[in-house]
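K.L.:
Protein sequence lines correspond, in order, to chains V, X, D and F.
Under our numbering, think of the first position of the first sequence as 8, with each following residue one higher.
Under our numbering, think of the first position of the second sequence as 8, with each following residue one higher.
Under our numbering, think of the first position of the third sequence as 8, with each following residue one higher.
Under our numbering, think of the first position of the fourth sequence as 8, with each following residue one higher.
For glycine and all other residues, C-beta sits at the position ideal for the given N, C-alpha and C.
4 protein chains.
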Amino acid sequence: MKLPLKGIIPPVITPLTDNDTLDVKGLENLIEHLLSGGVHGLFMLGTTGEATSLSYELRKELLKRTSELVKRRVPVVVGITDTSMDGSLKIAGYSAELGLDGVVIAPPYYMPIAQEEMREYLENIVPRLPLPFLMYDMPGCTKMHMSIETIKKAKELGAIGVKDSSGDMSYLYALIQEFKDSPDFAVIAGTELFLPETILNGGHGAVAGGANVFPKLFVDLYNASVDRDMEKIAILRDKVMMINNTIYNVGKHTSRIAKGIKCALSVMDICSDYMAMPLRRHGKEERKKIEQYMEELTAIMT
Amino acid sequence: MKLPLKGIIPPVITPLTDNDTLDVKGLENLIEHLLSGGVHGLFMLGTTGEATSLSYELRKELLKRTSELVKRRVPVVVGITDTSMDGSLKIAGYSAELGLDGVVIAPPYYMPIAQEEMREYLENIVPRLPLPFLMYDMPGCTKMHMSIETIKKAKELGAIGVKDSSGDMSYLYALIQEFKDSPDFAVIAGTELFLPETILNGGHGAVAGGANVFPKLFVDLYNASVDRDMEKIAILRDKVMMINNTIYNVGKHTSRIAKGIKCALSVMDICSDYMAMPLRRHGKEERKKIEQYMEELTAIMT
Amino acid sequence: MKLPLKGIIPPVITPLTDNDTLDVKGLENLIEHLLSGGVHGLFMLGTTGEATSLSYELRKELLKRTSELVKRRVPVVVGITDTSMDGSLKIAGYSAELGLDGVVIAPPYYMPIAQEEMREYLENIVPRLPLPFLMYDMPGCTKMHMSIETIKKAKELGAIGVKDSSGDMSYLYALIQEFKDSPDFAVIAGTELFLPETILNGGHGAVAGGANVFPKLFVDLYNASVDRDMEKIAILRDKVMMINNTIYNVGKHTSRIAKGIKCALSVMDICSDYMAMPLRRHGKEERKKIEQYMEELTAIMT
Amino acid sequence: MKLPLKGIIPPVITPLTDNDTLDVKGLENLIEHLLSGGVHGLFMLGTTGEATSLSYELRKELLKRTSELVKRRVPVVVGITDTSMDGSLKIAGYSAELGLDGVVIAPPYYMPIAQEEMREYLENIVPRLPLPFLMYDMPGCTKMHMSIETIKKAKELGAIGVKDSSGDMSYLYALIQEFKDSPDFAVIAGTELFLPETILNGGHGAVAGGANVFPKLFVDLYNASVDRDMEKIAILRDKVMMINNTIYNVGKHTSRIAKGIKCALSVMDICSDYMAMPLRRHGKEERKKIEQYMEELTAIMT
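(1) Would you mind giving the Cβ-Cβ distance between residue 112 of chain X and residue 143 of chain X, rounded to the nearest angstrom? I have them listed as a contact below 8 Å.
(2) Run through DSSP, which three-state label would residue 139 of chain F get?
(3) Taking Cβ-Cβ distances below 8 Å as the criterion, which residues of the segment 185-205 of chain V are in contact with chain F?
(4) Taking a contact to mean a Cβ-Cβ separation below 9 Å, would you say residue 222 of chain F touches residue 61 of chain F in this structure?
(5) Run through the segment 174-204 of chain F for me and flag every whole beta strand (DSSP E) of 3 or more residues, listed as ranges in chain order.
(6) Could you work out which residues of chain D lie near residue 228 of chain X, taking near to mean beta carbons separated by less than 9 Å?
(7) Between residue 183 of chain V and the rest of its own chain, which residues show a CB-CB distance below 6 Å, the 5 nearest in sequence each way excluded?
(8) Confirm, please, whether the CB-CB distance from residue 114 of chain X to residue 73 of chain X is below 9 Å.
(9) Nearest chain F C-beta to residue 175 of chain V closer than 9 Å, yes or no?
(10) Under a CB-based cut-off of 9 Å, is residue 232 of chain F close to chain D?
(11) Please go through the same chain and pick out, in chain order, the residues whose beta-carbon is closer than 6 Å to the beta-carbon of residue 286 of chain X, but skip the five residues on each side of it.
(12) Assuming residue 25 of chain X is part of the beta strand (DSSP E), what are its boundary residues?
(13) Give me the subset of the segment 270-287 of chain F whose CB atoms are less than 7 Å from a CB atom of chain D, sorted by chain position.
(14) Quick check: the segment 273-286 of chain X against the segment 52-60 of chain X, are at least 3 beta-carbon pairs closer than 8 Å?
(15) Using only alpha-carbon positions, find the residue among D/53, D/145, D/228, D/185 that is nearest to residue 160 of chain D.
(16) Give me the Cβ distance between residue 150 of chain V and residue 150 of chain X, rounded to the nearest whole Å; I'm assuming they're in contact under 8 Å.
(17) Under 9 Å, CB to CB, which of the residues in the segment 54-86 of chain V have a partner in chain X?
(18) Residue 248 of chain V versus chain F: which residues are under 9 Å apart at the beta carbon?
(19) Does any residue of chain F have a CB that is nearer than 9 Å to the CB of residue 224 of chain V?
(20) Along the chain, where does the beta strand (DSSP E) that runs through residue 245 of chain D open and close?
(21) Please report whether the beta-carbon of residue 241 of chain V lies at a distance below 9 Å from any beta-carbon of chain C.
(22) Compare the C-alpha of residue 232 of chain X against each of X/94, X/189, X/180, X/213 and name the closest.
(23) Among X/29, X/241, X/10, which one has its Cα closest to the Cα of residue 203 of chain X?
(24) Using alpha carbons as the reference points, say which of F/120, F/270, F/248 lies closest to residue 4 of chain F.
(25) Residue range of the alpha helix (DSSP H) that residue 225 of chain V falls in?
(26) Looking at the secondary structure, which residues open and close the beta strand (DSSP E) in which residue 132 of chain X lies?
(27) Quick check: is the beta carbon of residue 26 of chain V nearer than 9 Å to any beta carbon in chain X?
(28) Apart from the five residues on each side of it in sequence, which residues of its chain come closer than 8 Å, Cβ to Cβ, to residue 307 of chain F?
(29) Give me the Cβ distance between residue 153 of chain D and residue 125 of chain D, rounded to the nearest whole Å; I'm assuming they're in contact under 8 Å.
(30) Between V/189, V/197, V/109, which lies nearest to residue 54 of chain V when the distance is taken from Cα to Cα?
(31) Mind pulling the chain V residues with CB within less than 9 Å of residue 119 of chain X?
(32) Is there a C-beta anywhere in chain F that falls below 9 Å from the one on residue 144 of chain D?
(33) For a contact meaning CB atoms closer than 8 Å, what does residue 235 of chain V contact in chain F?
(34) Under DSSP, the beta strand (DSSP E) around residue 169 of chain F begins and ends at which residues?
(35) Can you list the residues of chain X that residue 91 of chain V reaches, using a CB-CB cut of under 7 Å?
(36) Can you check DSSP and say which residues form a bridge with residue 109 of chain V?
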C-alpha cells in the first residue's frame, strides 16, 4: 500500500440477505459500482459496515469474497475494533492471510477507559498486529474522543494514519497540524461533509459513507479539492449537502444514515437493504421517500 | 431456578493468569469463598467479570468450570451482552448446554440505538434464548438507559427480572413500583450501596461487586434488610461505605473499582489480580495501599 | 436559626399574576397553607421558585412580603445563586436587612468553571455574605456537580449545610458520611423521593417541591423517618410516588414539574398558576388532567 | 446598520481594574487597537466579555463609554442574554438609548428549556426588543443547541443573523445552507478557526475572540477568504492556529482562553488582565509563558 493513504475510501456497507447471510451478488455489484466510480480504497467492517453486529464467520466471509472481488485493484483496509484483544487479532490475522492492506482500530468500547489506558493498550496490541494500522476516532460509538497525545503515541508505535469521525473539526484541524511534517501519515476525514476542508488544509482523504451510493461525486469532490478549484468544490459540495438533507434524513434515530444508504443501494438494484440486528431496514413509507429522493439526486448527479 | 431471583448475587470476577488463560485454582478458591459466604447466586460474565474483554473460548471455559465447581448449589446466571446477536446466542446456547440457570442481557452497545430499536431487538432475540433471561441496565457502558417502557416490553416477552446498574435511584424505585404486582419478577440493584433501600422498598437483591471480597457482609446486610433491622443495617452499611472509600478508591479511572476487587482477592490469596486487556492490574504502590486497607477492613468485618 | 437546619423546607414557588407582578394574595394563602401543614422552614427563590426568571425588584418584593407574612414563625432561607457576585450579594444583603435567616448558594452558572475555580470563588464571596449560608448542588441547572472536596471547603469557610439536588444518591450518602461528625452541618435532600433514606441514614431534611402542594404529607414522612417507623414510611412514600406519577407527569419537558406544582396550587385555589418567562403555564388540556389527579390525590392524602 | 452584518466583529473583552470597576483607559486603548486593526463591528457583553459576571451598573457604564469612544465608526451589537426577560430588556433598552446598533440573544440559561419553549419565549420577547437582534448559539454555556427550526422561527420574528459558537461545523454549514436565499441574514462563526470555511461557503463573518489581540490578522484572513486567495488563507490560518496552540493553551480549565486573551492584552499594555469573579487572572507563571508566546507571535504577525 502506497503511503500516505489518500483519496476516497468508502466505509463499505455489508450487503446481507438475512442476519447471518452475505448478499454475495450484492457485494459483487457494490464493489464494481465503487471501483468504477473511481474510489481509491475500501474500508471494510467499519461502523457503516455494521461490523460489530456481524458474527465472526460472516466477517471472515465478507473479507474473503471482497479480497477475491477486488483483486488488489485498490487497497483494502479492515476494521478490527473489538472489545477483546482476541477478537481484534482474529480479524487482523485473517486480513493478513488474505493479503489485505491494513487494519483500522478504535478503542475497546464497552468499559469506559482513560486515554492513558488506551495508550497502554496500544503498546500491547500493536506488536501483535500483522498489518499496517490506522487509528479510528469515533467517540459517538466508543465513548472515547482520543486525545492528540494518544494519536501521537499510536504514530510512534507505527500507525500510518488516523480517521476522524468525531464531527469535531477543530480536532481534525489539530490532527492535520500535528502531523503535517509526517509525509507518510494520513489524516482522513470520517465526516464526509468535511472532505474539501480536509484536503484544502493538508489532510489526505475521506471515509465517506455517501460514497457507497455516489462514489464518483466524492471522487470528483476530492479531485476538485486537490486542484483547489473553488467553484467546482462549491457545486459538488452542494450535492453532498443534498444527500445529507434527503436520504440521510428519512426516519428517526441515529441509525437512519446507515439505513438510508442501504435503502438507496437497494433502490439502485445494487444490493439488499437488509440491516443486521439490532437494526431493521427502512419500512415501506421510508423506502418510498428514498425512492423519490434518489430520482432527484440521480438527476443532479450527472 | 426459584422465582423471583433473590438475595446476593455477586458479579463474579474472572480470575486470569494472563490475557488468555483462566486461573483455574483461583476460580475454585473464589467460588468456595463466595458459597461459604452464603451468597444466593452467581452472575458470571458481567461487567465486573470483564466479559467483553475475554475471548469466546475463555468465556466458555469459565462457564464450564464454574458449572462443575458450583454443582448446582446456587443458581448461576450468565451475561450474554454482545454487539452481535450471534455472540449473545453463542454464550446463551453454551450456558443452556451446561445446565446453567439464566442469562442476563443488556443492549447491543456499539452503535447508539433508540429505545424503540431496543424493543424491536428484544422481539427478535428473545424467542431464540434457550434460558430464562434478566435485563441489565448499564448506561455507563452501553450508552442506553433503558426506559421503564422498554423493561415492561422485556417482561411481556418473558424477562424474569432486571438488574439496574445505572446508579439512578429514582429509576430503581420506579422499577420496583412498576413491577410490585409481579411476584416472579426480580428487581435487583447493581449499585451495591443501594442494597438496603432496594430490599426495604420491595426489591429483591443486589449484584454487589464487593461481595466478591466480602460475601458474608453483603449477605448479612441483605438479611438485616429483609428483617428490617434498622440498627444492624446502619452498622453493616457503614462497612460497605468503607469498602467504597478504601479499596475502590485506589488509583485513577473508572476501572479502579474492578482493579481494586481483583487486587483485594489477590491479597487474600484467593486468586490472581491479572486484568484482561485493555486494563492492567494495579501497580506496586496501589497494591500496597490495598494491603493496608484490607488489614483494616478485615479487622472490622468480624 | 437553630442548627442544624432540619425537616421539611419547601422550595416555595413564586405566585405571579403576570411576568412582573407578584400574586400577593396567593403568596399569603400559600404561606399559610405551608405553615399550617407544619413545614419546618421556607426556601425562597430556589429553582422551583423561578428565581433566575424574576427581576431583582420582584425578588425583593417577594422577600419583603414573605418576611412580613411569616413573622419569624419558621426560618426562611433565600437562594442567591447568580452569575455575578454583585447579583448574589444584592439579594443576600436584602435578605439580611429583612432579618431572614440564611442564604443558599450554587455555582455561578453561565460559564463552565472548574471545582478549583468554585473553591476560589467561595473564598471571595463568603467573607462578604451577611448571613449564614448553605451550599446548593444542582448540576442539571449549573453544569457543575460540586465535589465533596468543594463542599468541605465551603464548610471550612462557614457553610451550615448543603442541599443536594443532583439526584445522585451515592453522592448524597457520601455527603452524609463526610459530615456525620459535624452536628451543626445539615445535609438536605433536594430530591423529595429520597427523604426517608436521607433521614434514616443520618441526614437532616428535604427541600421537597411537592411540599408546596401537600406539606403535611412530607412533614408526616419526615416524622415517620425520624421515628424509623418503616410501615408508616412505606405508606407515605407510596403517596409521594403517586405525586411523581401524576401531577409531575403531565406535559413534556423538564419544566413540567414546576408547571404541575403551580397548576395544582391553582386548582386548590391557593394561587395563580402563571409561570415567569421563558416558561408558560399549563394549557387547558394539561390543567384538566391535573384537576383529575388532584381529586385522586386529595382523596388518598387524608 | 447595513445588512447583512459582515466581517470581523470581536467579542470585546471588558477591561476591569477590579470586580466592580471598569478600566476606562484600557477600554479606550482597546477600542482604538481594534478599530485601527480594521474590524467591522464590535460585540460587547458576550461570553468573552464576561457579561454575566458583571453588575448591571457596570454593563451600562461599559456600553455608555463604548458608545462615546466608538462614535459610530463601526456598528456595535450588545449581548443581552440573561435568565430573566427583565434583565435582557434592561440592557436592550439601554443599548437603544445610546444609539447602539443591535442586540444578541441566547436562550435563558439556568433552567433547561426545550426548543419549543425557546420558540415561545422568542414570540414573547422579540416584540419588546427596541433594536435589531441576532441569535447566539452557545450550548457550552446555555445547555441548549438551538435547532435550525428555532433559528428559522427567530428569522421569521425578525432576526438579522445568527452567531454560532457551538463548534459544530455541520451545524454551521446547515445554517448557511438554510439561509442562503436571505441576503440580509448573517451567518457568523463564533469559532474563530472556522472563519475561512464560513466565508468560502457563503457565511458572513466571525466573532473571533483572538481579534481582541490581533485584529488585523483576522481582518486579513477575512479579506483573503472573500478574495478566495487560498495561499494567503493558508498562511494566515497557520497564524490563527498558533494563537490556539499558545496563548489559549496556558493553564487549565475552559476559562484559560478568556484569561489568555486578557493576559495578552495586558502584556501589550493595552489594558488590565483583571478577570471578574468567579474567575481569576493568570498567575505569574502563566503570565510569563504568555509573555514569551506574545514575543513569538508578534514576530510572525508582521
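P.N.:
Once the coordinates are examined:
(1) 6 Å
(2) coil
(3) 198, 200, 201, 204
(4) no
(5) 193-196
(6) Those do not exist, as residue 228 of chain X stays about 13 Å from chain D at its closest Cβ, beyond 9 Å.
(7) 194, 208, 209, 210
(8) no
(9) yes
(10) no
(11) 262
(12) 23-25
(13) 284, 285, 286, 287
(14) yes
(15) D/185
(16) 7 Å
(17) 54, 57, 58, 59, 60, 61, 62, 63, 64, 65
(18) 180, 181, 184
(19) no
(20) Looking at the DSSP string, residue 245 of chain D is not in any beta strand (DSSP E); the run it does join, the alpha helix (DSSP H), is 237-252.
(21) The question asks about chain C, but that chain is absent: this structure's protein chains are V, X, D and F.
(22) X/213
(23) X/241
(24) Not covered by the structure: residue 4 of chain F. The range shown for chain F is 8 to 309.
(25) 222-233
(26) Not the beta strand (DSSP E): residue 132 of chain X falls in the alpha helix (DSSP H), residues 122-132.
(27) yes
(28) 246, 249
(29) 7 Å
(30) V/197
(31) 147, 148, 260, 261, 262
(32) no
(33) 237
(34) 168-171
(35) 59, 60, 61, 62
(36) V/84
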